[in-house]
Structures are given as structure tokens and as C-alpha cells.
Amino acid sequence: MKWEVVIGLETHAQLSTASKIFSGASTAFGAEPNTQACAVDLALPGVLPVLNKGAVERAIRFGLAVDANINRRSVFARKNYFYPDLPKGYQISQYELPVVEGGSIKIHVGEMEKTVRLTRAHLEEDAGKSLHEDFQGSTGIDLNRAGTPLLEIVSEPDMRSAAEAVAYAKKLHALVRWIDICDGNMQEGSFRCDANVSVRPEGSDKLGTRCEIKNLNSFRFLEQAINFEVRRQIEIIEDGGKIVQETRLYDPDKGETRSMRSKEDAHDYRYFPDPDLLPLEVTEPLISETKENLPELPDQRQQRYVSELGLSHNEATALTANRDIGDYFESVALSSLKSGESLGNADFKLCANWVINDIAAKMNEEENLPSWAFRVSSDTVGRIILRIREGAINARTGKNLLARFWEEGRRNSEGRGNYIHGGAPDETDEIIREEGLGQVSDAGAIEKIVDEVLAANAQQVADYQAGKEKAFNSLVGQAMKATKGKANPQQVNEILKRKLAQ
Amino acid sequence: MSHATLKQLSDGLAAGKFSSVEVTQNFINKINNLNKSLNCFISVDEARSLTQARTADALRAAGRAQPLTGVPIAQKDIFCAQGWLTTCGSKMLSNFVSPYDAHVIERFNQTGAVNLGKTNMDEFAMGSSNETSFYGPVRNPWDRERVPGGSSGGSAAAVAARMAPAATGTDTGGSIRQPAALTGICGLKPTYGVVSRYGMIAFASSLDQGGPMAHTAEDMALMLNVMAGFDARDSTSLQRAATDYTADLARPLAGLRIGLPREFFAQGVSADVAKAVEAAIAEYKKLGCSVVDVNLPNMGLSVPVYYVLAPAEASSNLSRFDGVRYGYRARDYTNLTDLYQKTRAEGFGAEVKRRILIGTYVLSHGYYDAYYIRAQKLRRLIAQDFTNAFKQCDVMMGPTTPSTAFKLGEKSGDPVQMYLSDIYTIAVNLAGLPGMSIPCGFDGAGLPVGLQIIGDYFSEARMLNVAHRYQQVTDWHMRTPKDIGEGVSA
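Residue numbers (our numbering), protein chains in the order written: chain C, 1 to 502; chain U, 503 to 992.
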């Protein structure tokens, strides 16, 4: 039998507020245990929650970005259960009335585009951490994370493969960073997914029994866990068994999921509206203000790059991987304009090429480099491209300059808390001038060099004339080498072809 | 001095007749004499109180005194006070010294009032007789075989016995008004949201409200001036222009329309109580008020509605008492569940456990709609009844309680009988309205009777005025129980 996989994702995105969702304590990661937990986080007798407006604004920003409904009135509820890292004995979350409902995310898998519908996104507080390994024979509790604001984003069961689930998670991850509501740091747990997985015979419209895999904090684990779970479920059903609805954990070391608790052990959370918090009223001015402040969204930008700047779909996708790379690209294009030239005349293809193949590639070579920490400024890159466009230097010289500046930027920033650019626009011109890197476009001079190359390489000339195309490239290389790479390569090509044809 | 009102103490301090240290010492002596027999206080800290008194005297000497600077006030042990044992009447918090001040405590400290000690109360404010306290029952100064009411029974009895000139209380279903009535003093539960709940240990968050307990309406006005006001730390605190609750006290009552809810005078109310309340209403007519009958058709549902909603909230509010971070922890346990179970089994008393069980039940899957949701709907109907009735009258009056103080042990075996002693007060909390009790006479056995005054939202100033004018022509509020020792008048 052929099986269809059905996946829905619940994603917890930690909102990037400086303080917690219901208290004034800091949300900064990595502090000494329990140093960022105030009376409210500790749930001392008599303390009360007060909602952080910043968390609400971020939730609204998300809702607008995915074209969802912003509920004008939503309600915080208490989810009651006992656990030592849950100080109040209940988690404040939104249950029946979430702040965001509906919306969708577009994903691409291979050539296929697909829309994943969102059910809802609601605000809630995170729990603290239980440290089972740090103390022998007992468990430590760190409440620094208790009360950290989370946006739980719930998708419809619209995904049909692990690849789709990963594409969705990546798209969502890029989006929350793009609109600046979450730092997306998966190692620190700022973005984590629970996957609801079930299988059903292909063609069936009835959902199979699902299992929920908790706390997947990398895209790789998400993919592996889903694939394992799908195989496990299919095997059970094909062996005549039944799937038991349960919560499972993924063990990355063993590459398998295992049961955490079954539906029978599920808590009765006894949700009810939190009487300490008034219903959350979202006003029209807040919505319109948030809308105005919303940046151009990735899908919009991608479309603009294709339709207005003439880039390919792949180029546009690469330049919208995050907001920084696209902003950088646009700034490079602006800096590459000749004087008096308008932005419409920029060589967007050339700039895109540089940013994707050189800048983005270099960014990827360095681990843990923030997406905004370009080693060379966009002004400098724009200046290099400008000089190429003017014919002052050739592309190879330009790339050499970039590599040199990049390395300089890396060295400048080494061991420091900040990032210092390598090179500068004017420095570009100085180096070109002082080191004589200017492109040789003097036809007479090039002809002379070509004559010398031809005379010294009779064998290659013969090979070329015998039909070996490769020999031509070798001759071009010899000529470029003779000019220390400064010759205009187009001219070299033309002159060489002309002479060989004689 | 100890029979003086808050106002008289305030005036005496201002006139330099005595110092705060003298006043405070006087009341501490009274406490030392009487607390053994009445059990009004859980914590007294003489040194700490006298330090505050000295600071107050210094403030006064520096010309920076406010009306309540240097005046000692007893605080219900439900309010967290920094450095004070704050038990909420429970074994669960019998070792909890609060690291922070409740809003109300902060306000009294800022004005230079002296914290005279923490008063006894029903455990977590769950009770109507003060018999559920881990620290033992409080006795009614009018008859020590009788209860003072609850849950603010320690505060009420302390004021009645002149161990404190005034005290704070909290009222979730009548916990200020009922003990005030049973001990012959005044108590006011303000409109929900007027006094911040920050630092007031939660029983039922949507119903809890702190308020003053004192001898006169004027004293309560002075206290409410300190206690009321917006607090950003309580999301249910209301942002309103500051009111001087003493400003309108003397306003004449001519033309005031008093609504008499028929349901308050139906079956259940004792003859003596009805008689005293009717006499009070006759007195109001003499003051130029008119009387009109009003209806609160859903009031009969208020006790069952309350005993769904209050336990539901309480079951969740009390989850934090788990023995993990502070408070009582069972001595021996084998694992986490055992720690929770033993700690909570040993740390909570029977009434608290009963309400946690009821609350857990009504919130559980499959019962939530039938109990919690229905009770919420009825709550709105009850509130609507009051809104309708207030179209016909300015204030409502009736008995605070169906009977006068009952005997210790008389109702403690029958929770339903105990719950019914709040039958006239609970609806006011469900509606979020302000309610007050003032003394209006005595029954045949010499036990005080309380007159309940219910106002529309935010009409505390008017209610205090209504009570004050009555107290200008009567002296029920100045009667003292026997056997409380000599007092010096200011």
C-alpha cells in the first residue's frame, strides 16, 4: 500500500523583548541560575502578572506578516499542572481566544510551491529549567527562563513530507527574524518545533492517529525525527498494529523517537481564564501603526527583485534568505552607480552575482558570523563594482580586492567585541592607483603582448588550429599573466581570435 | 488613648498630646494583655513597631506628617510585609518571612503609619468564623465562647477589643463585613479594583478586595485615602482620579433614596437582627432619606455561584504552595509526587483542602461547562440585578448577616451552614460592588448587629458619608465590650 504522510507543526518562537512577558526581569540568555527571576517569576505569595506590551506588538507583527486575523479581544488562560520548574503551578497561555488566528506561509520544495495554512498563534510564558545532571541525587531548578515570552505558532496538518516540514520551519524561522520578533537562535532554544505526524493510505481523507514529537531544536533533527516516525508508524500498521496517540521524544544520538507519555497519562490542564489579567484588547491604532512599521516582507521583496530588477527566481530567493543580505545587495547597487546614473540603470544582475557568489559565500564560510556582520561594507563593494563597470579594473582585480579587504576585515575584528570593516571606497581607488592595478585597455599594448605570446607558444597555436578549443584558453591565460592580470580580458579575447584567424 | 478613634489619635498626635511611640506602646501593652485570651494576632514585633513609631515621630518633628503618620494599624496576615512572618493563617506559610511589601503595606509605610502586628485569619481567608486558622480560633470580645466571624476575624476582634485602633481586612465573600458585624465595628469592602491586590495573598482573584476596618466611617475614610489608588503591578487595579474620601462625610442625607432588597428581609434573618436593621432605617428616614423596595431576583443563586467560582480560582491560586521554593515542606518524601502530596496534605487544613477539591472538580474536563461557565453566566445576571436596582435608589441597606455571632464549633462541622452565614454579603463581591457594615444595635444577648450598606460602583465616598451621618446621631459604634481593660481616651 502507498502511504501519505500528514504533518502539522507547533513552533515556539521566543519573542525578543528585553523583559519577561509578565514581569520586569531580564530575558538575556546565559546568566547565572536564578539571577534573572524576580518575585513574580518565583511565584511568591501575593505577586501578580502584568502583560508586557512588547510581546503583544510582536505577536501582532507576526499576524500581519502572515496575513492572519488579529483578534481585537483575546484571553489569557491558566494551564494548570504541577512541576518544579513551573513556579505558579500553572502556565499562563492563550487557549480559547488567541491573539492571532489564520494566516498562511508559502513554501518551496524543489520546483513546487505550496501554501501551508496557519491555525493560530498565541502568546504564552515559558517554564524554567530542571537541571537533572548538575547535582548528584537531586534536581536543580533554574527559573531564569520562567516567564520568557513565547509565540506558539500552530500550523494546519498541511505538510506531506519531512522536506515540506523543514521548508516550512525554515521559512518561518527566516520570517520571525526578518520581522525582528525572535532572534531565531536554535541552540539557545529561541526557536523550537513540535511535530504532529500521522500516516494514512494514499487517497484517504481521514486523518490517521497522530504522535507528537516534542522539542526539535534543529532542522536536521526535525527531518530525521519525522522520517523515523513515519517509518515506525508505517511498519506498525503494516504489521497489523495500531498507532497509539502519544507524545514522543527524539533521541538524536540513536536517531529514533521514543514514547514520553501516552494520551491516557495526559494531564487535565483545567484551563480557565486568568482572573489576574484582563482580556487583551488590541486597538485599531495599534494595528495600523504596526502595519506601517512592518518592513517589506520576504515574499514581497522576492517578487520585486524578479519583476522590477530582472533577477532570476533563484537569485531573488538567495537575496531574501534574510533581511540583511537583501539590504546589503540594494546598498551595493546604489554604491555602484556612475555619477549621474539613476538607480534604474544599476547593473542589478552584476551586483546580485557579486553578493550571492562572493559575499554570501564568504559569509557562509565563517561559522557563527551574524547575518549583518559583513566584513566589507556595501559602499566598498559598490565602489569595486563601479570601477569594473567603468572599465578601470577588470573583474579579476575586483575579486582580488574584495578577498583582500575581507581578510583585512576578519583580522581587524579578531578578538574584539565588534566588527570592523576591511577596506573603504577611497582605499579601493588608492590601491588601484598606487599598485597600478588599472586595467590595460590600450589595444596597441595588448596586441604587442599577444604577438609575444603567440610567438612563444607555437605548439598551442598549432593545437588550436587543429581544432583543440582548450588551447585558446591557455593562450588567453598566458596573455593575462603577461599583464599581471590587468589586461581587459574581452580585448585579449578579440585580438587573439583575430590574430589566430589570420 | 486606646478607646480613641483613629481620627482622635491623628488629631492628638498633631496637637502634640502624645507621641507615636506612646500610642504604639499603649496598644502593644493592650495586645500583650489580651492576645492570650482573644488570639487576635499571629505576629507582634514590638521592636519593629516601635522603630516605625520613632521614625514617625521624627517625621512629625520635621513637619512632614500626614494624617495617619504615627498611627498604629494592625495588618491582616494576608498582606505580605517585608521582614514580617506572613502566614495567611496557614501551616503552609508558617515559616514564610516576606521579602517584599504588599501595595497596601507600602502605602501605610509611605504615610508613616505603624504596623502594629499581623492579625489572625481563617486559613487562606477561607472561612466565616476564624476557626480554620492554623494558629487557632480568634474569640469574640463580646462573648469569648463565640466566633468573631471571618476571615478577617483577628482584625475585627482586635479593633473591637481596642487592641488596635484600626486594621486592614480582605473581603472575598464577606470577610470584612461579616466579622465587622459580628464584633460591632465598621468594615468596608471597596469596589473591585480600587485597592491594589499586589502582595495580598490571593484566594479568589476576581473577588478579593482589601479594605479598612475601624470604629467609625471617618476612620475608614482616612484609611481608604491611603489604601486606594492605581497600582501598575495589579492589572485589575483601576486608574481613576484620586478621591479624598473624607471630603463629603458631612454632606446632609436629605433626599437620599435607600433601596431595601426584599430578598434581604425574607426568611432566614433572625428577629433581633431584623429589628435592629429596621430601627436603623427608621433613623435614616429621620435624617431625610426615602425608602423604596427593590428586587435582586437572582440573589438566591449567589451562594452556589460563589462556591463554584471562588474554589475554582483558589484551586489554581494555591498551586504555588508546593514545598519547592518556600514555605512548609514535608520532612520525608521518596520522589517528586510524594513531596507534593505530603507537603500539601500536611500543610493545608481541612477547609482549604475541601475548596481545592471542589475547585479542581468544577474546572476539570467534562464539568467545566456545567459548573464554571454556568456560574460565570449567573454571576453576570446577579450583577445585572444590582444595576437594575440602582436605577431606583442611591444605596441599598439590609442586614450584614442573618444572625449575630454564633458559638465556636456551632457551624464548623457543617460547611453549608457556615457558607450560608455569608448569604447577604457574597452577591456584592460577585457584582464587584462596594459594601460596608456598620454597627446598628445589639441582640437580646448583647451581641452586636451589623447594618450592611451597598453602593453603586465607586460610590465609596457617598457610602462613607451615609455611614458618618448615622454615626453622628447614634453611638452603637462607640460601645465597648466588657473585660477588655481600661482605655485612656484621647
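Here a beta-carbon is modelled for each residue, glycine too, at the ideal position from N, C-alpha and C.
Going along the chain, which residues of the stretch 831-858 of chain U sit with their C-beta nearer than 8 Å to a C-beta in chain C?
Against chain C - using a Cβ distance shorter than 8 Å - the residues of the stretch 831-858 of chain U are L838 and Y842.
Going by beta-carbon coordinates alone, are C:D41 and C:S23 separated by less than 8 Å?
Contact: yes.
Name, going along the chain, the residues of the stretch 42-69 of chain C whose beta-carbon falls closer than 9 Å to a beta-carbon of chain U.
Listed by position along the chain: L42, A43, L44, P45, G46, V47, L48, P49, V50 and L51.
Does C:P425 get closer than 8 Å to chain U when you measure Cβ to Cβ?
False, the Cβ-Cβ gap to chain U never drops below 8 Å.
Return helix, strand or coil for C:D504, following the three-state DSSP convention.
The structure shown has nothing for residue 504 of chain C, since chain C only spans 1 to 502.
For chain C, is any of its Cβ atoms less than 8 Å away from the one on U:C582?
Yes - at least one Cβ of chain C is within 8 Å of the one on U:C582.
Answer with yes or no whether the minimum CB distance from U:D824 to chain C is below 8 Å.
Chain C, which has a Cβ nearer than 8 Å to the Cβ of U:D824, makes this yes.
Report the option in U:R679, U:E608 and U:T845 whose CA atom is closest to the CA atom of U:S592.
Selected option, being the one with the closest Cα: U:T845.
List the DSSP bridge partners of C:F191.
The partner list for C:F191 (beta bridge, DSSP) reads C:A13.
Relative to the alpha-carbon of U:A947, which residue among U:Q769, U:A773, U:R881 and U:L690 has its alpha-carbon at the smallest distance?
That would be U:A773, whose Cα lies nearest to the Cα of U:A947.
Using the DSSP secondary-structure output, state which residues sit across from U:M898 in a beta bridge.
Note: U:M898 sits in a beta bridge opposite U:G761 and U:I956.
Check whether the stretch 381-399 of chain C touches the stretch 337-356 of chain C, counting contact only when three or more Cβ pairs, one atom from each stretch, lie closer than 8 Å.
The stretch 381-399 of chain C is in contact with the stretch 337-356 of chain C.
Quick one: does the C-beta of U:E912 sit closer than 7 Å to a heavy atom of the ligand FMN?
Inclusion of the ligand FMN in the displayed structure is not the case, the ligand content being empty and no account of it being possible.
Using the beta-carbon of each residue, which ones in chain C are nearer than 7 Å to U:E815?
Those are P275, listed as they occur along chain C.
I want to see whether chain C comes within less than 8 Å of U:F598, judged by CB atoms only; does it?
True, the Cβ-Cβ gap to chain C drops below 8 Å.
Could you pull out every residue in the same chain whose Cβ sits closer than 8 Å to the Cβ of U:V599, ignoring the five residues on either side in sequence?
Closer than 8 Å at Cβ, skipping near neighbours: G585, W586, L587 and T588.
Who are the neighbours of U:I703 on chain C, taking C-beta pairs under 7 Å?
Those within 7 Å of U:I703 in chain C are P45 and G46.
So, are the CB atoms of U:V805 and U:I928 less than 8 Å apart?
Closer than 8 Å, so yes.
Specify, as a first and last residue, the run of the beta strand (DSSP E) that C:H122 falls within.
Run containing C:H122: M112 to E125, per the beta strand (DSSP E) assignment.
Enumerate, from N- to C-terminal direction, the unbroken alpha helix (DSSP H) stretches of 4 or more residues contained entirely within the stretch 262-330 of chain C.
You should have 284-293, 298-307 and 313-318.
Rounded to a whole number of angstroms, what is the C-alpha to C-alpha distance between U:A992 and U:A666?
The predicted position of U:A992 is uncertain, since its pLDDT is 49 and thus under 50; no value can be drawn from it.
Considering only the alpha carbon of each residue, which of U:L684, U:K855, U:A506 and U:L758 lies closest to U:G655?
Ranking the options by Cα distance to U:G655, first place goes to U:L684.
List, in chain order, every chain C residue whose beta-carbon is nearer than 9 Å to that of U:Y602.
By Cβ distance, chain C contributes A39, L44, G46 and V47.
Per DSSP, which one or two residues make a beta bridge with U:D645?
According to DSSP, which records beta bridges pairwise, U:D645 is partnered with U:N642.
Could you give the residue range of the beta strand (DSSP E) that holds U:A668?
That run of the beta strand (DSSP E) goes A668 to T672.
What residue range does the alpha helix (DSSP H) around C:Y250 cover?
Taken as a continuous stretch (DSSP letters only), C:Y250 belongs to no alpha helix (DSSP H), being part of the beta strand (DSSP E) at E246 to D251.
Which class does C:R258 belong to by DSSP, given the choice of helix, strand or coil?
C:R258: strand per DSSP, three-state reduction.
Taking the alpha carbon of C:R375 as the reference point, which residue from C:L278, C:A346, C:G423 and C:G344 has its own alpha carbon closest?
With distances taken between Cα atoms, C:R375 lies closest to C:G423.
What do you reckon, are the CB atoms on U:Y694 and U:G934 nearer than 8 Å?
Cβ atoms of U:Y694 and U:G934: closer than 8 Å.
Looking at the structure shown, is C:A77 part of a helix, part of a strand, or coil, going by DSSP?
Here C:A77 sits in strand by DSSP.
Using three-state DSSP, classify C:K484 as helix, strand or coil.
Reduced to three states, the DSSP call for C:K484 is coil.
With DSSP run on the structure shown, which of helix, strand or coil describes U:R699?
DSSP places U:R699 in coil when its eight states are reduced to three.
Taking DSSP's pairing of strands, which residues face U:P950 in a bridge?
Beta-bridge pairing links U:P950 to U:F944.
DSSP three-state label for U:A706, please.
DSSP places U:A706 in coil when its eight states are reduced to three.
When we look at the beta-carbon of U:D883 and count the other beta-carbons within 10 Å, is it buried (16 or more) or exposed?
What sits at residue 883 of chain U in the sequence shown is Leu, not Asp. It is exposed - the Cβ of U:L883 has fewer than 16 other Cβ atoms within 10 Å.
Could you check whether the Cβ of C:D268 sits closer than 8 Å to any Cβ belonging to chain U?
Yes, C:D268 lies at the interface with chain U (some Cβ there is under 8 Å from its Cβ).
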